[in-house]
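Taking it in order: structure first as structure tokens, then the write-up.
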């Protein structure tokens, strides 16, 4: 288009190549994990005489890794449910009120993103000791739910920003109760935002290490905790296989999120 | 009870009290959870920092007297500043390219930014560990190609921590800067060009100043994340390059000195609080978070 060519000036080839180099710096180191996970050697290295799936077999037959995956899964699912329900309702309430108080509430809800996890880990450890919740599922689930809520609030608030409040007014106008309006008008309309929130809250819990280091022990031994021990103590290529599987899971979750967003914008 | 018509348009004369209360009811579960299970525990840390082992500011006095704490704080500050600066420069270049490219290319570039953002921090630290250690891939390549004779020490020192941190922080730098640049009216640059400014001058005098709010927002965000970062510095620093988060963990879980640990946590909290207040004066915080 001739009009846009005057207003729009592309970046120089030099800037573009540096930008791509930086993106390679972001992406390539992660891909190395896949190569290492296929090694035929007993130590962390690239495959030499051929690829081997032995470390994936190790992973799938190791009671320790499978137990940790199960622990992480239970915790991530439960904490995601709590974070999503509480976070979504809170975001809707704040959006509907739209006053100074609700803005303050929204800022308070974002605290876990800004406060370093280590600070929170000390605090929750103290409280859980008093309540005897150390090394219990309940303890970890609540801690992950609270720290996962900000992601839900952000994504749902973003979705609500693009939602026409007159639709809600219309529903109320036609005699629907607030509960019905929520269920039948607001939530279906912001569903993609809620799904994004679910995905990010899930990834948050699935990946969280610092809190778990403090409030969990042998009873609740999540995947990040086992990876942490693996990196620090017994380094074998099974770690690479675990990492490769995790990357695949994250990437597929992200693609689901992108697909949902694309569907929303259609 | 108010009639349905009142609920619709709460007029100034008759505020819809019942309706407002019901919206507060939606907020309540999350807010209660946040106060009981987040704010209370954190205030408990602050309380401990001035009461353990005995009431007073003795713990905070250690900031001025303990040489090992000062050394650790200096390391934390140095690494955070350097990694923030490197992150900003790299993030600026990527954001600039993102804004000035076609929709199709932008989508691919964005994928390259977002995928690493959501990949486990442990996985990323592990990947760098595999690449950087003495027998790692980078040293192997350097030695077999004859570029170096002995393996470089890229890990368990500040070099390793910096590489890992910049890698982790880059997406957090790119997103706010990009969000700001996207809103810059490209016609301003075009006008400067039309009036005879060279590409460099138009960039320096028009585009760069307009993009500063994004840069400031990104820098404080990245700096805050860097200060309290645990996983990557712990793995790539190998206990030799000690930053504050790992120092706190050692104080609590290994030495069991709650006074020192909670004091450092309190210090971290105060510094970050101050930075956030400064940040709120420069950029709209909510806009910054909306972009994440």
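Protein chains in written order, with the working numbering: chain A, 4 to 269; chain B, 499 to 790.
Heads up, the beta-carbon is just placed ideally off N, CA and C, and yes, glycines get one too.
Keep in mind the model is a prediction, meaning the values are calculated, not measured.
Exercise. Taking Cβ-Cβ distances shorter than 9 Å, what residues in chain B pair up with residue 200(A)?
Worked result: As a first step, residue 200(A) must be located in the first chain, where it is residue number 197. What residue 200(A) touches in chain B: nothing, since even the nearest Cβ is about 12 Å away.
Exercise. Is the CB of residue 81(A) under 8 Å away from at least one CB in chain B?
Worked result: The sequence position of residue 81(A) within the first chain is 78, counting from 1. It does not: the Cβ of residue 81(A) has no partner Cβ on chain B nearer than 8 Å.
Exercise. Under a CB-based cut-off of 8 Å, is residue 627(B) close to chain A?
Worked result: For the purposes of this step, residue 627(B) is identified with residue 129 of the second chain, where counting begins at 1. Interface residue, yes.
For this session: Taking residue 203(A) as the reference, give the member of 142(A), 263(A), 256(A) with the closest Cα.
Result: Sequence index remark: in the first chain, residue 203(A) carries index 200 (1-based). Nearest C-alpha to residue 203(A): 256(A).
Exercise. Taking 8 Å as the CB-CB cut-off, is residue 59(A) touching chain B?
Worked result: Position 56 of the first chain, counted from the first residue, corresponds to residue 59(A). Chain B, which has no Cβ nearer than 8 Å to the Cβ of residue 59(A), makes this no.
Exercise. Between the beta-carbon of residue 152(A) and the beta-carbon of residue 565(B), is there less than 8 Å?
Worked result: Here residue 152(A) is taken as the residue at index 149 of the first chain, counted from 1. Here residue 565(B) is taken as the residue at index 67 of the second chain, counted from 1. No.
Exercise. Applying a beta-carbon distance threshold of less than 8 Å, which residues of chain B neighbour residue 26(A)?
Worked result: On the first chain, position 23 is the one that residue 26(A) refers to. What residue 26(A) touches in chain B: 592, 607, 610, 611.
Exercise. Do the CB positions of residue 162(A) and residue 195(A) come within less than 8 Å of each other?
Worked result: One-based indexing of the first chain puts residue 162(A) at position 159. One-based indexing of the first chain puts residue 195(A) at position 192. Going by C-beta atoms, residue 162(A) is nearer than 8 Å to residue 195(A).
Exercise. Can you find a C-beta in chain A that's less than 8 Å from the C-beta of residue 728(B)?
Worked result: Along the second chain, read from residue 1 onward, the residue named residue 728(B) stands at position 230. It does: the Cβ of residue 728(B) has a partner Cβ on chain A nearer than 8 Å.
Problem set entry | Contacting positions in the segment 117-145 of chain A - beta carbon closer than 9 Å to chain B | 117, 118, 119, 120, 121, 122, 123, 124, 125, 126, 127, 128, 129, 130, 131, 145
For this session: Would you mind telling me which residues of chain B sit closer than 9 Å to residue 213(A), beta carbon to beta carbon, in chain order?
Result: Looking up residue 213(A) in the first chain gives position 210. In chain order: 728, 729, 743, 747.
Problem set entry | For residue 644(B) and residue 652(B), believed in contact at Cβ under 8 Å, the rounded distance | The count along the second chain starts at 1 and reaches residue 652(B) at position 154. The count along the second chain starts at 1 and reaches residue 644(B) at position 146. With 8 Å as the limit, residue 652(B) and residue 644(B) do not qualify as a contact, their Cβ atoms being about 18 Å apart.
Problem set entry | Whole-angstrom distance between residue 550(B) and residue 198(A), CA atom to CA atom | For the purposes of this step, residue 198(A) is taken as the residue at position 195 of the first chain. For the purposes of this step, residue 550(B) is taken as the residue at position 52 of the second chain. Near 44 Å, if we compare the C-alpha coordinates of residue 550(B) and residue 198(A).
Problem set entry | Below-8 Å beta-carbon distance, residue 266(A) vs any chain B residue | Residue mapping note: residue 266(A) aligns to position 263 of the first chain, counting from 1. No - not a single Cβ of chain B is within 8 Å of the one on residue 266(A).
Exercise. According to the neighbour-count rule (16 or more other Cβ atoms, all chains shown, within 10 Å of its Cβ), is residue 112(A) buried or exposed?
Worked result: Translated into positions along the first chain, residue 112(A) becomes position 109. Looking at its Cβ environment, which holds 16 or more other Cβ atoms inside 10 Å, residue 112(A) is buried.
For this session: Determine the DSSP secondary structure at residue 258(A), reduced to helix, strand or coil.
Result: Looking up residue 258(A) in the first chain gives position 255. Residue 258(A): helix per DSSP, three-state reduction.
Exercise. The segment 213-231 of chain A: which residues have C-beta closer than 8 Å to a C-beta of chain B, in chain order?
Worked result: 213, 216, 217, 227, 230, 231
Exercise. Span of the alpha helix (DSSP H) holding residue 207(A)?
Worked result: Residue 207(A) sits at position 204 when you count from the first residue of the first chain. First-last of the alpha helix (DSSP H) with residue 207(A): 190-210.
For this session: Examine the Cβ distances between the segment 62-72 of chain A and the segment 132-151 of chain A and report whether three or more of them are shorter than 8 Å.
Result: no
For this session: Just the C-alpha distance for residue 734(B) and residue 629(B), rounded to the nearest angstrom, thanks.
Result: The residue you call residue 734(B) lines up with position 236 of the second chain. The residue you call residue 629(B) lines up with position 131 of the second chain. Between residue 734(B) and residue 629(B), the C-alpha separation is close to 11 Å.
Problem set entry | Spatially closest choice to residue 521(B) from 92(A), 75(A), 53(A), by CA coordinates | Numbered from 1 along the second chain, position 23 holds the residue referred to as residue 521(B). Among 92(A), 75(A), 53(A), the Cα nearest to that of residue 521(B) belongs to 92(A).
Exercise. For the alpha helix (DSSP H) that contains residue 598(B), what are its first and last residues?
Worked result: Translated into the one-based positions of the second chain, residue 598(B) becomes position 100. Unbroken run through residue 598(B): none, as it is neither H nor E.
Problem set entry | Classification of residue 187(A) by the beta-carbon crowding that lies within 10 angstroms, buried from 16 upward | Along the first chain, read from residue 1 onward, the residue named residue 187(A) stands at position 184. It counts as exposed.
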